[in-house]
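Numbering (our numbering), first residue to last: 65 to 529. Where a beta carbon is used, it is the ideal one built from N, C-alpha and C, also for glycine. This one's a predicted model, so the numbers in the text were calculated from it and none came from an experiment.
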Amino acid sequence: MLAIPTEINYHHEVKVLAKLSYPVVLAYLLQYSINVASVFSLGHLGPNALAASALATMFASVTGWAFGIGLITALDTLCSQSFTGARDIHAVGTYLQRGIVAITICHVPIVIFWWYSESMLLALNQDPEIAHLAGLYLRYLIIGCLPNLLFECVKRYLQAQEIMHASTIVLCIVSPINILANYALVWWKPVALGFIGAPIATSICYWLMFILLVLYTTFVDGYQAWGGWSRASFQNIDQFMQLGLPGVVMICAEWWAFELVALAASYLGNIPLAAQSVVFTTVTLAFQIPEGISVACTNRVGNLLGAALPEAARSASIVAVVFSAGVGILNSLFFLLVGNWWGWLFTDEPEVVVLVSSLMKMAALFQIFDCISTVLAGILRGQGRQKLGALLSFPAHYIIGIPLGLYLSFTRGMGIIGLWIGLCAGITTICLSQYYFYARSDWVHEVEKCRKRVGLEGGDYDEYP
65 MLAIPTEINY
75 HHEVKVLAKL
85 SYPVVLAYLL
95 QYSINVASVF
105 SLGHLGPNAL
115 AASALATMFA
125 SVTGWAFGIG
135 LITALDTLCS
145 QSFTGARDIH
155 AVGTYLQRGI
165 VAITICHVPI
175 VIFWWYSESM
185 LLALNQDPEI
195 AHLAGLYLRY
205 LIIGCLPNLL
215 FECVKRYLQA
225 QEIMHASTIV
235 LCIVSPINIL
245 ANYALVWWKP
255 VALGFIGAPI
265 ATSICYWLMF
275 ILLVLYTTFV
285 DGYQAWGGWS
295 RASFQNIDQF
305 MQLGLPGVVM
315 ICAEWWAFEL
325 VALAASYLGN
335 IPLAAQSVVF
345 TTVTLAFQIP
355 EGISVACTNR
365 VGNLLGAALP
375 EAARSASIVA
385 VVFSAGVGIL
395 NSLFFLLVGN
405 WWGWLFTDEP
415 EVVVLVSSLM
425 KMAALFQIFD
435 CISTVLAGIL
445 RGQGRQKLGA
455 LLSFPAHYII
465 GIPLGLYLSF
475 TRGMGIIGLW
485 IGLCAGITTI
495 CLSQYYFYAR
505 SDWVHEVEKC
515 RKRVGLEGGD
525 YDEYP
């Protein structure tokens with residue numbers, strides 16, 4: 065049941081945000097485990113198999129998932145605002161259908177990229193054997209590409225209705241199946257396929273995730289906003305793209321920045337690369353918490369704007385920002401407290417452990433600004449200001465962060481520490497600039513934009529960020 069406040073109550077918003085956030089955080093952690101399971105299953109096949117899976121995962125993120133997830137951010141805005149703001153609740157279902165159409169079309173170039181990935185990797189001077197295995201991995205992952213993206217679409221549709229636990233329930237079922245499938249298809253002799261077993265297991269689980277979430281929507285909760293297939297889903301695709309394409313830039317800017325740091329670390333030697341891998345894995349795991357809060361905040365702000373409650377939306381956003389700062393501080397303390405011994409969980413190499421300890425201090429600083437920035441990005445999505453988010457994210461990373469990191473690392477001889485100083489500079493710039501524009505938000509104007517967007521007052525989509 066959607067909690068619409070009758071008066072401004074920060075205590076109420078704290079409870080609502082906590083209730084909405086925890087199942088999303090758990091779902092993200094479980095979803096992350098699906099990729100981790102394939103790494104563990106392939107790690108014991110040898111270093112080439114592990115390197116190939118890591119390369120394939122990076123290629124998939126850069127050329128596929130970042131584009132798809134970025135495009136789907138349009139649904140964060142459209143579904144959440146239309147659920148409370150449209151005259152007909154079935155508008156939410158129409159937006160979902162529009163998202164399905166857009167994603168189905170846009171996944172075609174992803175498939176082409178993945179099918180010819182071996183040639184592209186060879187052109188980037190990757191080891192021929194590793195490039196071949198990575199290309200093979202990606203060809204089998206194509207099987208699960210579309211269902212994984214469609215799962216994300218349906219998940220947004222449900223989250224807009226404050227049905228946050230559906231994807232968590234599905235992933236609680238699929239995650240253990242994924243572990244068993246990876247073991248069976250890689251190692252269990254009666255059905256073992258070796259290296260290709262991992263991407264096949266992952267693709268099977270992507271299909272299972274999508275099918276189970278559709279079944280949940282159909283027979284348990286969420287179907288009320290569907291309304292059946294409509295020709296309207298093929299209309300106003302440009303409105304979807306006006307939100308989705310800037311969302312692609314927002315997502316790609318950060319994802320690509322991390323991948324560029326990993327690539328740069330590979331030129332510094334095996335020890336810096338190993339340390340970067342350990343710290344990046346840890347940072348990604350910690351990121352799931354603010355990301356869950358961000359998703360909850362996006363939908364809460366969107367719902368309240370759709371309900372024409374600007375002050376309530378503002379209050380919800382304030383609570384989310386304070387929440388994110390608290391999480392950032394706690395995450396930072398965790399990184400500082402465990403930094404000296406954390407590396408031993410991943411490797412027996414003393415040199416790597418020492419470098420991990422140093423990087424964990426940099427990552428601790430990164431956590432504070434990254435947590436706040438992630439939630440501020442969620443607020444911007446709830447407002448429908450993806451274009452502003454894109455305008456802030458891209459230059460912060462690629463004019464400030466990455467160039468500074470490369471300069472400090474290779475010109476000033478600071479190595480991997482220099483790269484992380486660049487990352488911290490980039491995320492700090494994004495965070496401060498996001499907060500500047502967030503603090504200046506005209507919430508009444510955001511309600512007016514929302515009403516135009518969902519068609520209550522007619523008119524075209526307002527393009528101002």
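If residue i sits next to residue j, beta carbons under 8 Å apart, how far is it from one beta carbon to the other, in whole angstroms?
i, j, result
"residue 135", "residue 311", "6 Å"
"residue 209", "residue 139", "Not really, about 18 Å apart at Cβ, beyond 8 Å."
"residue 352", "residue 92", "4 Å"
"residue 483", "residue 329", "6 Å"
"residue 335", "residue 423", "At roughly 11 Å, the Cβ-Cβ gap does not stay under 8 Å, so residue 335 and residue 423 are not in contact."
"residue 153", "residue 340", "Rounded, the Cβ-Cβ distance is 47 Å, inconsistent with contact."
"residue 252", "residue 105", "Not a contact, Cβ separation roughly 11 Å."
"residue 238", "residue 276", "7 Å"
"residue 155", "residue 301", "Actually they are not in contact, since the Cβ atoms of residue 155 and residue 301 sit about 15 Å apart, beyond 8 Å."
"residue 442", "residue 361", "4 Å"
"residue 326", "residue 122", "7 Å"
Could you tell me if residue i is buried or exposed, where buried requires 16 or more neighbouring beta carbons within 10 angstroms of its beta carbon?
i, result
"residue 363", "buried"
"residue 297", "buried"
"residue 511", "buried"
"residue 75", "exposed"
"residue 431", "buried"
"residue 280", "buried"
"residue 79", "exposed"
"residue 162", "buried"
"residue 406", "buried"
"residue 517", "buried"
"residue 436", "buried"
"residue 475", "exposed"
"residue 219", "buried"
"residue 82", "exposed"
"residue 502", "buried"
"residue 414", "exposed"
"residue 434", "buried"
"residue 390", "exposed"
"residue 73", "exposed"
"residue 295", "exposed"
"residue 113", "buried"
Taking Cβ to Cβ, would you say residue i is nearer than 8 Å to residue j?
i, j, result
"residue 508", "residue 427", "no"
"residue 307", "residue 142", "yes"
"residue 494", "residue 468", "no"
"residue 205", "residue 117", "no"
"residue 171", "residue 132", "yes"
"residue 395", "residue 421", "no"
"residue 282", "residue 358", "no"
"residue 291", "residue 168", "no"
"residue 472", "residue 478", "yes"
"residue 400", "residue 425", "yes"
"residue 149", "residue 222", "no"
"residue 77", "residue 383", "yes"
"residue 376", "residue 242", "no"
"residue 248", "residue 194", "no"
"residue 349", "residue 235", "no"
"residue 490", "residue 465", "yes"
"residue 107", "residue 177", "no"
"residue 245", "residue 269", "yes"
"residue 411", "residue 402", "no"
"residue 305", "residue 84", "no"
Please name the residue, chosen from the options, that lies closest to residue i on a Cα-to-Cα basis.
i, options, result
"residue 370", "505, 151 and 384", "151"
"residue 345", "99, 79, 73 and 74", "99"
"residue 232", "96, 204 and 458", "96"
"residue 179", "467, 197 and 501", "197"
"residue 488", "318, 144, 164 and 377", "318"
"residue 372", "146, 129 and 112", "146"
"residue 461", "162, 314 and 309", "314"
"residue 356", "82, 169 and 88", "88"
"residue 137", "429, 444, 148 and 184", "444"
"residue 392", "440, 379 and 380", "440"
"residue 124", "77, 184 and 374", "184"
"residue 513", "203, 481, 446 and 295", "446"
"residue 366", "474, 465, 225 and 127", "225"
"residue 262", "86, 84, 130 and 202", "202"
"residue 303", "385, 327 and 451", "451"
"residue 189", "519, 331 and 386", "331"
"residue 258", "321, 515 and 200", "200"
"residue 463", "90, 85, 173 and 321", "321"
"residue 272", "260, 293 and 240", "240"
Contact criterion: CB-CB distance below 8 Å. Does residue i meet it with respect to chain B?
i, result
"residue 322", "Among the chains of the structure shown, chain B does not appear; only one protein chain is present."
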